[in-house]
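Residue numbers (the working numbering): 2 to 166.
In structure tokens:
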């Protein structure tokens, strides 16, 4: 293990696996195993490289334990790791089936947001079967126990139990 800035610099990206994402400072840091640099040891806390951040604003997405991440080092120094992104290790891990460029998906363990350029739709859903679909022809809201469909001037509740035009 190379620490304290001793040894050659480590430039470029290195594959790592998240081992800890409970950052007590709340900065979005993770610790990772980066075998090519640290062997079987964990990295220090890796700062995130986020595309949008500022005072009280930003994109806050932290990879789960076991996720593959790209790790770089500030000035090549392994004492200052940075996680710069994530990747899937196998096609089975990809959250979109089929994986099309026209589908943009944010999927967590509980909820999914899907932006479909194919259908021109936005879908928000969770594991309890609650779903909102916004599409060019209208909006559908489904909570599992009932539905509301809005299309133009027509509102249909529970598959026609009540219809307003």
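C-beta: ideal position from N, C-alpha, C; glycine also.
Secondary structure note for residue 39: its alpha helix (DSSP H) is the uninterrupted segment 36 to 39. Relative to the Cα of residue 31, the nearest Cα in the group 58, 100, 65 belongs to 65. Residue ranges of uninterrupted alpha helix (DSSP H) with 4 or more members are absent from the segment 45 to 91; none lies entirely inside it. Within the segment 80 to 160, complete beta strand (DSSP E) segments of at least 3 residues are found at 82 to 88, 104 to 108, 112 to 117, 122 to 127, 132 to 136, 139 to 143, 148 to 152, 155 to 158, given in chain order.
In this structure, residue 19 lies near residue 67, with their beta-carbon atoms less than 8 Å apart.
With a 10 Å radius around the Cβ and a threshold of 16 neighbouring Cβ atoms, residue 25 comes out exposed. In the pairwise beta carbon analysis, the segment 98 to 109 is classified as not touching the segment 47 to 59: fewer than three pairs are separated by under 8 Å. For residue 12, the three-state secondary structure derived from DSSP is coil.
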